[in-house]
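Protein chains: 2
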Amino acid sequence: MKNLLVAQSGGPTAAINATLAGVIAGAYTSGKVDKVLGAVNGIQGVFAENFIDLREKVSGAEQLDLLAQTPAAALGSCRFKLKDLEKDQEQFEEIVRIFRKHEISYFIYIGGNDSMDTVDKLSAYCAGKGIDDIFVVGAPKTIDNDLMGTDHCPGFGSAAKYIAATFSEIERDCHVYNTKAVTIVEVMGRNAGWLTAASALARGNGEPGPALIYLCETAFDTERFLSDVRAKLEEQDAVVVAISEGIRNKDGAYISEEVQSGAVDNFGHSYISGSGKVLENLVREKIGCKVRSIELNLMQRCAGHIASAVDIQESRMLGMTACQCALEGRNAVMAAIIRKSDEPYEVEFASVPVSEVSNREKKVPAEWVNEAGNDVTEELLSYLRPLIRGENAVRYENGIPKHLVLY
Amino acid sequence: MKNLLVAQSGGPTAAINATLAGVIAGAYTSGKVDKVLGAVNGIQGVFAENFIDLREKVSGAEQLDLLAQTPAAALGSCRFKLKDLEKDQEQFEEIVRIFRKHEISYFIYIGGNDSMDTVDKLSAYCAGKGIDDIFVVGAPKTIDNDLMGTDHCPGFGSAAKYIAATFSEIERDCHVYNTKAVTIVEVMGRNAGWLTAASALARGNGEPGPALIYLCETAFDTERFLSDVRAKLEEQDAVVVAISEGIRNKDGAYISEEVQSGAVDNFGHSYISGSGKVLENLVREKIGCKVRSIELNLMQRCAGHIASAVDIQESRMLGMTACQCALEGRNAVMAAIIRKSDEPYEVEFASVPVSEVSNREKKVPAEWVNEAGNDVTEELLSYLRPLIRGENAVRYENGIPKHLVLY
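So the protein sequences, as listed, match chains A and B. For the first sequence, the residue numbers in my numbering are 1 to 407. For the second sequence, the residue numbers in my numbering are 1 to 407.
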């Protein structure tokens, strides 16, 4: 018996279940896999032997489609890092013991940098022990788009589409009053500003989008920010500003620390404010016009209802690619996308050594930010545009998207 | 020459432009109207004589459809209340002078309670002066669904659909980790909890929705809230809570005032926290588990990309009804929806005296909230269900919904 185990890890996205659907479809159609198991809550579910028999829960094209349109990890997730191989092999012995017990030959782990660390370590352990019948392969996922080795990441395109559409809607909303007002919209991204950059796509049809865009890769200067906002307020009434949650000053301190309020509530606790809130207070204090801040919060990563068709299709293909790699007996690789051309948009699916991916981050190149540090360049837009194209044909029931819940 | 003037007022919605499209279509097809003018920024645009010739900007079915799918007031909005008729007639004389100058016989004002006050006063002024060739009619609009005289309000169904879909997505997202965590989602509504109630529709397909729902109509007790949350945390890991921004204690004080932090930042300014943030801090202090709060903010009122087909169709019909009322020589009425049946859902379009609408509020009936005050009843769900049905066929370009911008 040769069974396949799949698990998901890290933060949810609108496309991680499409990759799961791809893995499952790959396994079902290969004719080489007996049981297709899902571990609940990532690698933690492996230790707990908390497995779902996916052939019972997901059968046929209709359920695969439903799974692919369901946001957030249907198998649950975890944030769990395996110990260093040199220091402690006990965890790895335990995993292999469980794999043997359940006759698992193929393990596909869908996730981001940390999850690829798990793939890297586990496959290195197997190689070191001469285990040649367990194959460990990664499939990428992260709305942050910060994984090396792949042109872009599953989940990013859908989050970018939500952000582009939402900025265009917020811009329409803020435009209706003829009073000077600033709206600061905080977008996810501690270290990589890809998602914040996607706000520029709100201008895609010629209508106004954000007036100013600040990525976390560029050192943030509050004085320059205030002078940028003042200049825009001279030109227009409503000024919409996009910022990465992780904007930092030239010394590397988060703006939320630099302009820290020092405020404590009546329990004596510090207030923890996001970057948007901090800048909102700054604009109120220094400029004095109407100002508000908005966090796109969880909605930007789980808005399956406006998923990008390109993203969902590619995510499924990457799941299939990862499955195929494992079935071909490959180890320590991650399925990846190679872009051949922007227009027409063409990609190839391939695999890369997972060691080139794990524990690294891909940031927005400095030359893709404008000179003033308050907008993005045409090169960045050319990169982003194809990724939000197409509307995933979401099936609705009773007025809301239908989801497949596995546990 | 008989011209028609239309204007929009109050907070933006995803459907107010559908009503505008209905007014325009009604005027175009009537054969009774020469110029179709739009005032920019509501009644303020009337005083400023800031008019757009809509025949130049919106011609044909394609542009009407684009307008109907564009969120937020395409003619701009204002928050402006006319003076009391008994105290000061100058404003009314000025409006009539401007109407005469531009040969305006029909005035349609699309808006909420305050806008219906404008319709009420202006038509009363005309009646009092024996002016029998100017007809002033209202068309309803508000995501709050708090207008009297109509079964429900244009814009509400689309906001409710966004909220239902978003709560189901947030629930999927929060479900992925196996740690105890509370997520408090703050929904718009200072005095009426209709939108917060719509979060219950996230359970529409049998999957979990919010665990607890608190409307602003029910006196909010922080101790009972904490004990409700504790009880839910016993049963499940992820507890999603829906609250109205306007929740108040039994003495009528907003929770954000009752549990006020007294915090000041280092400029000496008070922190203004929303109800969600206040309850987040309370849960952190009193229960100590992982907790976060989310504001659905502007997104819930301008998410045209997930507009309800029922809402957009009804909004257009109400615009046509309002136009027709004016052309038939009626005055001081508001177009309205009369519900004939929930299942199958059937409505009629009619008109009601605007005096029955202006400056009043329709709240969620107490009997539509459960006994524990932390959820809604089946009666409320039966009322809500039809309003979020159907997906408006939104036209996308370059990955985002295409909008029509008029100025």
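Glycine residues also receive a C-beta, built at the ideal position from the N, C-alpha and C atoms.
Could I get the ranges of all uninterrupted alpha helix (DSSP H) runs contained in the segment 97-161 of chain A, with 4 residues as the minimum, in chain order?
Qualifying alpha helix (DSSP H) stretches, in chain order: 113-128.
Cross-strand partners of P353 of chain B (DSSP beta bridge):
B:V333
Spatially closest choice to I170 of chain B from B:R230, B:A242, B:H152, by CA coordinates
B:A242
Per-residue contacts from N205 of chain A into chain B (C-beta, under 8 angstroms)
By Cβ distance, chain B contributes E397, N398, I400, K402, H403.
Identify the continuous beta strand (DSSP E) that holds T183 of chain B and give its terminal residues.
Element bounds for T183 of chain B: 181-187.
Smallest Cα separation from A350 of chain B: which of B:R97, B:K250, B:I338, B:L54?
B:I338
Between L384 of chain B and A165 of chain B, is the Cβ-Cβ spacing less than 8 angstroms?
no
Proximal residues to A335 of chain A (C-beta, below 6 angstroms), its chain only, five neighbours per side dropped
Cβ neighbours of A335 of chain A within its own chain (closer than 6 angstroms, five residues either side excluded): A139, L318, T321, A322, S351.
Do we get a CB-CB distance below 8 angstroms when we pair E367 of chain A with the residues of chain B?
no
Hey, could you find the ends of the alpha helix (DSSP H) I255 of chain B is sitting in?
First-last of the alpha helix (DSSP H) with I255 of chain B: 255-258.
So the candidates are A:C174, A:R360, A:V283; which of them puts its Cα closest to the Cα of T13 of chain B?
A:C174
Would you kindly work out how many angstroms separate the C-alpha atoms of D251 of chain A and R190 of chain A, rounded to a whole number?
Cα to Cα, D251 of chain A sits roughly 15 angstroms from R190 of chain A.
Taking DSSP as the reference, what is the three-state secondary structure of E378 of chain B?
helix
List the residues that DSSP assigns as beta-bridge partners of L212 of chain A.
Assignment of beta-bridge partners to L212 of chain A by DSSP yields A:V241.
Return the CA-CA distance between N3 of chain B and G26 of chain B, expressed in angstroms with no decimal places.
13 angstroms
On the three-pair Cβ rule with 8 angstroms, is the segment 104-115 of chain A touching the segment 139-154 of chain A?
yes
Under 9 angstroms between beta-carbons, which chain A residues line up against M188 of chain B? List them in chain order, please.
None at all; the shortest Cβ gap to chain A is about 12 angstroms.
In three-state terms, what does DSSP make of Q8 of chain A?
strand
Using a Cβ-Cβ cut-off of 7 angstroms (strictly less than) and excluding sequence neighbours within five positions of S77 of chain A, which residues of its own chain qualify?
Q8, S9, G10, P12, N41, G42
Just by C-beta distance, which residues in the segment 87-120 of chain A are closer than 9 angstroms to chain B?
none
Residue ranges of each beta strand (DSSP E) run of no fewer than 3 residues wholly in the segment 76-100 of chain B, ordered along the chain?
DSSP runs (the beta strand (DSSP E)) wholly in the segment 76-100 of chain B: none.
With 16 other CB atoms within 10 Å as the buried threshold, where does A61 of chain A fall?
exposed
Straight-line Cα distance separating V283 of chain A from L226 of chain A
Straight-line Cα distance between these residues: approximately 7 angstroms.
Please state whether DSSP places S168 of chain A in a helix, a strand or coil.
Helix.
For chain B, check one thing: does any of its Cβ atoms lie closer than 8 angstroms to the Cβ of C126 of chain A?
no
Since G38 of chain B sits in a beta bridge, which residues does DSSP pair it with?
B:V6, B:I52
For I306 of chain B, list the residues DSSP reports as bridge partners.
Looking at the DSSP output, I306 of chain B shares a beta bridge with no other residue.
Go through its chain and collect everything with a Cβ distance to L381 of chain A's Cβ below 8 angstroms, but skip five positions before and after it.
A200, L201
Nearest chain A C-beta to L5 of chain B closer than 8 angstroms, yes or no?
The C-beta of L5 of chain B comes no closer than 8 angstroms to any C-beta of chain A.
Taking a contact to mean a Cβ-Cβ separation below 8 angstroms, would you say E397 of chain B touches P154 of chain B in this structure?
In this structure, E397 of chain B sits away from P154 of chain B, with a CB-CB distance that is not shorter than 8 angstroms.
7 angstroms Cβ shell around F267 of chain A - same chain, five flanking residues per side excluded:
With a pLDDT of 48 at F267 of chain A, under the threshold of 50, the modelled position of this residue cannot be trusted, and the question is left open.
C-beta atoms of L54 of chain B and G38 of chain B nearer than 8 angstroms:
yes
Around the Cβ of E245 of chain B, are there at least 16 other Cβ atoms within 10 angstroms (buried) or fewer (exposed)?
buried
Beta-carbon within less than 6 angstroms of E223 of chain A's beta-carbon, same chain only, minus the 5 sequence neighbours each way: which residues are those?
So no residue of the chain qualifies.
Neighbour flag for D173 of chain B against chain A, beta carbons, 8 angstroms:
Using a CB distance cut-off of 8 angstroms, D173 of chain B counts as an interface residue toward chain A.
Quick one: does A164 of chain A have its CB under 8 angstroms from some CB of chain B?
Taking Cβ atoms only, chain B reaches closer than 8 angstroms to A164 of chain A, which makes this a yes.
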